[in-house]
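Undergrad: Below is the structure I would like to discuss, written out as structure tokens.
In our numbering, the protein residues as written are 268 to 547.
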């Protein structure tokens, strides 16, 4: 009779299923709260869907509201013709006036008039002494100026006697001294241009580490008596260029024609200005 009264009450399915069971286990709470959670999830999901669906429309509406009114301006473009530049012809400069003619120096002349033989000759100016006549030119009247001797004695004849002639003593040439001035300079086979071409062809531009522009240096080396080169030095602002120039010149093994003094081969300091242009 008690069971019939229990089923006659308005009991939910969860109450019937979990009757006489442990309702605090957790499953009972989940089943009793399921309708409320389902409703809440449905409302949240529907709201998110509506927001995602209406976002483009809302964005376009706000953009159109904030957009400034377009103003159409009619502009007529006028072609501007560039005026030709007026090139003024350079005025011809008047040539400078010619220098005044140089006055010729007057030659000093002393009067030397031979009197005519007459019965009663007038008093004439006596002729100057011979020593005075040899110092300058003689004429009909005196004139001041530069002395120009009228007579120059001839040079003495070459001696053909048996006098012993003193032989010219040539200075001794050192085998170790390095000369900078010689009678016959050292030469490279084919000339200095051939040597420059060898330097340019053997120069390794990659050693410049990306430097660009024109680089200059003065290279000096000693051309030995046997034609070899030693003591190579480079004096320039770029250290990489100096090192590569020294290496390049040392690598050229062609023999030079040595410099000479009095026909003897000597050591000679050769100077070579070196300029190269590097592009990136």
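Virtual Cβ for every residue (Gly too), placed ideally from N, Cα, C.
Excluding the 5 residues preceding and the 5 following residue 451 in the sequence, name in chain order all residues of the same chain whose CB lies nearer than 7 Å to its CB.
TA: Apart from the 5 residues on each side of it in sequence, residue 451 sits with its Cβ closer than 7 Å to the Cβ of 526, 527 in its chain, given in chain order.
Undergrad: Report the partner residues of residue 444 according to the DSSP bridge assignment.
TA: Paired residues: none, contrary to the question.
Undergrad: Hey, out of 456, 542, 538, whose CA is closest to residue 520's CA?
TA: 456
Undergrad: When the distance is taken between beta carbons, is residue 541 closer than 9 Å to residue 483?
TA: Yes, Cβ-Cβ distance for residue 483 and residue 541 is below 9 Å.
Undergrad: Leaving out five residues before and five after residue 481 in sequence, what residues of the same chain have Cβ atoms less than 7 Å from its Cβ?
TA: A distance below 7 Å between beta-carbons, with the five flanking residues on each side excluded, links residue 481 to the following residues of its chain, in chain order: 542, 544.
Undergrad: For residue 381, I'd like the list of residues in its chain whose CB is within less than 7 Å of its CB, leaving aside the five on either flank, ordered along the chain.
TA: Model confidence at residue 381 stands at a pLDDT of 48, short of 50, so the residue's coordinates are unreliable and nothing is read from them.
Undergrad: Across which residues does DSSP place residue 308 in a beta bridge pair?
TA: According to DSSP, which records beta bridges pairwise, residue 308 is partnered with nothing at all.
Undergrad: Which residue from 334, 516, 491 puts its Cα closest to that of residue 499?
TA: 516
Undergrad: Taking the Cβ atom as the reference point for each residue, do residue 373 and residue 411 lie within a distance shorter than 9 Å?
TA: yes
Undergrad: Pick helix, strand or coil for residue 487, following the three-state DSSP scheme.
TA: Strand, per DSSP.
Undergrad: Nearest CA to the CA of residue 474: which residue from 523, 347, 513, 449?
TA: 513
Undergrad: Compare the C-alpha of residue 485 against each of 459, 504, 315 and name the closest.
TA: 504
Undergrad: So is residue 311 buried or exposed if we call it buried at 16+ other beta carbons inside 10 Å?
TA: exposed
Undergrad: Leaving out five residues on either side along the sequence, give the residues of the same chain with a beta carbon under 7 Å from the beta carbon of residue 280.
TA: none
Undergrad: For a quick check, are the C-beta atoms of residue 539 and residue 492 less than 9 Å apart?
TA: Contact: no.
Undergrad: Could you check what DSSP says for residue 545 in three-state terms: helix, strand or coil?
TA: strand
Undergrad: Measure from the alpha carbon of residue 215 to the alpha carbon of each residue in 495, 529, 471, then state which is nearest.
TA: Outside the displayed range of the chain (268 to 547) lies residue 215, so it cannot be described from this structure.
Undergrad: Taking 9 Å as the CB-CB cut-off, is residue 446 touching chain D?
TA: No chain D appears in this structure, which consists of one protein chain only.
Undergrad: With a threshold of 8 Å on Cβ separation, who are the neighbours of residue 509 within its own chain once the five nearest residues in sequence on each side are excluded?
TA: Excluding positions up to five away in sequence, the list reads 484, 501, 502, 503.
Undergrad: Exposed or buried, which one is residue 284 when buried takes at least 16 other CB atoms within 10 Å?
TA: exposed
Undergrad: Should residue 309 be labelled buried (16 or more other beta-carbon atoms within 10 Å of its own) or exposed?
TA: exposed
Undergrad: So what does DSSP say about residue 455, is it helix, strand or coil?
TA: coil
Undergrad: For residue 507, which of 531, 536, 479, 360 has the nearest alpha-carbon?
TA: 479
Undergrad: Starting from residue 516, follow the alpha helix (DSSP H) in both directions and report where the run begins and ends.
TA: That run of the alpha helix (DSSP H) goes 506-518.
Undergrad: Pull up the distance between the alpha-carbon of residue 299 and that of residue 282, whole angstroms please.
TA: Between residue 299 and residue 282, the C-alpha separation is close to 9 Å.
Undergrad: Which of the three DSSP states is assigned to residue 347 in this structure?
TA: coil
Undergrad: So, helix, strand or coil for residue 493, using DSSP?
TA: coil
Undergrad: Roughly how many angstroms lie between the CA atoms of residue 331 and residue 303, to the nearest whole one?
TA: 41 Å
Undergrad: Would you call residue 511 buried or exposed, if buried means 16 or more other Cβ atoms sit within 10 Å of its Cβ?
TA: buried
Undergrad: In whole angstroms, give me the CA-to-CA distance for residue 362 and residue 448.
TA: 45 Å
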